[in-house]
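*Asks:*
In mature numbering (1 follows the signal peptide of the UniProt record, and there is no 0), the protein residues as written are -22 to -1, 1 to 382.
1) Please list, in chain order, all residues of the same chain as residue 75 whose beta carbon is under 6 Å from its beta carbon, the five residues on each side excluded.
2) Go to residue 352, then tell me how far its beta strand (DSSP E) extends in each direction, as first and last residue.
3) By alpha-carbon positions, which one of 293, 79, 262, 134 ends up nearest to residue 51?
4) Helix, strand or coil for residue 177? Go by DSSP, reduced to three states.
5) Could you work out which residue in 332, 4, 381, 280 is closest to residue 32 when comparing CA atoms only?
6) Have a look at residue 332 and residue 377 and give me their C-alpha separation to the nearest angstrom.
7) Please report the distance separating the alpha-carbon of residue 295 from that of residue 122.
8) Considering residue 42, what are the terminal residues of the alpha helix (DSSP H) in which it resides?
9) Taking residue 196 as part of the alpha helix (DSSP H), name the residues at either end of that continuous run.
10) Roughly how many angstroms separate the alpha carbons of residue 3 and residue 367, rounded to a whole number?
11) Going by DSSP in three states, residue 132 sits in which element: helix, strand or coil?
12) In three-state terms, what does DSSP make of residue 318?
13) Given this structure, state the Cα-to-Cα distance separating residue 147 from residue 345, to the nearest angstrom.
14) Please name the residue in 5, 110, 255 whose C-alpha comes closest to that of residue 77.
15) Between which two residues does the alpha helix (DSSP H) carrying residue 275 extend?
16) Under the three-state reduction of DSSP, which class applies to residue 139: helix, strand or coil?
17) Can you tell me whether residue 242 is helix, strand or coil according to DSSP?
18) Using the three-state DSSP reduction, which class does residue 94 fall into: helix, strand or coil?
19) Taking a contact to mean a Cβ-Cβ separation below 8 Å, would you say residue 306 touches residue 318 in this structure?
20) Do the stretch 8 to 28 and the stretch 257 to 269 make contact, defined as three or more Cβ pairs closer than 8 Å?
21) Short check: CB of residue 195 to CB of residue 188, under 8 Å?
22) When you compare only the Cα positions, how much space is there between residue 29 and residue 269?
23) Tell me the DSSP secondary structure of residue 340 in three-state form.
24) Is residue 332 helix, strand or coil by DSSP?
25) So what does residue 251 bridge to, in DSSP terms?
26) Could you give the residue range of the alpha helix (DSSP H) that holds residue 71?
27) Quick one: what does DSSP say residue 384 is sitting in, helix, strand or coil?
28) Take residue 110 and list the residues in its own chain whose beta-carbon comes closer than 7 Å to its own, dropping the five residues that flank it on each side.
29) Any idea if residue 353 is buried or exposed, counting beta-carbon neighbours within 10 angstroms, 16 or more meaning buried?
30) Going by other Cβ atoms of all chains shown within 10 Å of its Cβ, with 16 needed for buried, is residue 144 buried or exposed?
31) Which of the three DSSP states is assigned to residue 2 in this structure?
32) By Cβ distance below 6 Å, which residues in the same chain neighbour residue 347 in space, the five residues on each side in sequence not counted?
33) Which partner residues does residue 160 have in the DSSP bridge list?
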């Protein structure tokens, strides 16, 4: 799309709040609120778009892992969602962002879905360096707390943010009949609430989730905003002259809902990319990010959320990395049944598999053999760590267990 500089229309965005039906995403409205309070944010957003367009991405990049803390705010047991439901959301994010989602094949051949090389893990270290599950739970007496400014204030019944420079903060709570969720792009929100808010009925893939937003794609969508993606129809009212500042997403007049058949053009092109995570269709009908969106997100991380790249929030207590690592090959790092370890010269070593909460879930020992096949078929889907130890020296690698 041709890059244009767009000035948001605050009053047109306010129209969202007058619609009785619950909205897929409240990010445009929240951004408009901030711009009404601080008009200089318009120029900041325009400047960011120029900087991202000119930013030279490295041809070779390492995998980015984002530490996540989930703040549960609840009034009753239903809203106090389970650890399993929370983990299902992390699993869904990793599948969507790494192009490991089971429905990836449903992207029409007209378009190309991309592995963004971004992953997520529940934090294992809190801001003080202490072990954590990456989950906080706070009972609140505030009704529909996500619709107020209390959700990020412990003193007002919410939960104070963990340092946004070290963690992606997600508040899960009751958003009433407003939105499924919302997020702030870089530079728009103050440090006290720079994160995501998602309704407890639309977080994860099981438990309290409700159809048709029950596959974790609300968080996938909102994190896109957190990393500076726009909706496909751009900011404000959309239209065929609008832009999302991404060259490989077709121009789109407005949001799409439900499930559509391809092609469904709204601007005289080869069809809207309605199955893109940044549209409004049902969870079951979205399945892809594009290369341009991947590059825009990584540029935004490297330019504006740089400290997340060096955060120790997902560090595993007591595990260190050293030269032993160069002696091993681990394949694959996205496993359904087995992982093959191959050493160039080490034939006596111990392997421990840790869950993200630091608990050992499997252990192996080999003597006189440089190769070891690990059976991970019985593990639940999610992120795990391998610790390989030989002669009191150890290193760690992470892997993702995906559903068969």
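Where is the CB? At the ideal position from N, CA and C, for every residue including glycine.
*Replies:* Put simply:
1) 94, 96
2) For residue 352, the enclosing beta strand (DSSP E) begins and ends at 349 to 353.
3) 134
4) strand
5) Residue 32 has its Cα closest to that of 280, out of 332, 4, 381, 280.
6) 10 Å
7) Residue placement at residue 295 is flagged as unreliable, the pLDDT there being 48, under the threshold of 50; a coordinate-derived value is accordingly withheld.
8) Careful: residue 42 lies outside any alpha helix (DSSP H), inside the beta strand (DSSP E) at 42 to 52.
9) 195 to 204
10) 47 Å
11) helix
12) strand
13) 44 Å
14) 255
15) 269 to 282
16) Reduced to three states, the DSSP call for residue 139 is coil.
17) coil
18) coil
19) Not in contact: residue 306 and residue 318 (Cβ atoms no closer than 8 Å).
20) The stretch 8 to 28 is not in contact with the stretch 257 to 269.
21) no
22) Taking the Cα positions, residue 29 is about 18 Å away from residue 269.
23) strand
24) strand
25) Looking at the DSSP assignment, residue 251 forms no beta bridge with any residue, so it has no partner.
26) 61 to 75
27) Since the displayed the chain opens at -22 and closes at 382, residue 384 lies outside it and no answer follows.
28) 101, 102, 103, 104
29) exposed
30) buried
31) coil
32) Hits under 6 Å: 325.
33) DSSP, once it has assigned bridges, lists 175 as partnering residue 160.
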